[in-house]
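Reviewing the structure listed below.
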């Protein structure tokens, strides 16, 4: 089992998790996925959220913001979507994506757990 597989299982262990993936934002391809449904296509989510990350990075560059993205939160009526870029050297160019059921999750705890998973991920 690869470290990506372990990370995906840990992400799905977060209360309210609906789907998770590790994504290469250079290509938009998911390196691994777990969960999802007919209403949550993780391959589509990986590609679409790649554009979100790239747009934010371009905007930060245009604004000359010399900082790193900790995470990007998208709040929907019934879900939270968290995008967390991987900061370790081996994970450069990757992000974690986690979709949560808003009624079954604790956002603060989910962000904390996702940060911990990201810190341990080695690709």
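Residue numbers (the working numbering): 254 to 376. We put the CB at the ideal spot given by N, CA and C, even for glycine. Nothing here was measured: the structure is a model prediction, and the numbers come from that model.
With respect to the C-alpha of residue 374, the residue from 359, 348 and 364 having the closest C-alpha is 348.
Only buried fits residue 339, as 16 or more other CB atoms lie within 10 angstroms of its CB. Here residue 341 is not near residue 277, since their CB atoms are 8 Å or more apart. Residue range 347-354 is occupied by the beta strand (DSSP E) that includes residue 354, with no alpha helix (DSSP H) assigned at that position.
For a cut-off of 8 Å, the C-beta gap from residue 326 to residue 318 is around 18 Å, too long to register as a contact. The beta-carbon separation of residue 352 and residue 366, rounded to 14 Å, does not stay under the 8 Å limit for a contact. Listed in chain order, the beta strand (DSSP E) runs fully inside the region 293-338 are 325-328 and 332-338, counting runs of at least 3 residues. In this structure, the straight-line span from the alpha carbon of residue 323 to that of residue 265 is close to 20 Å.
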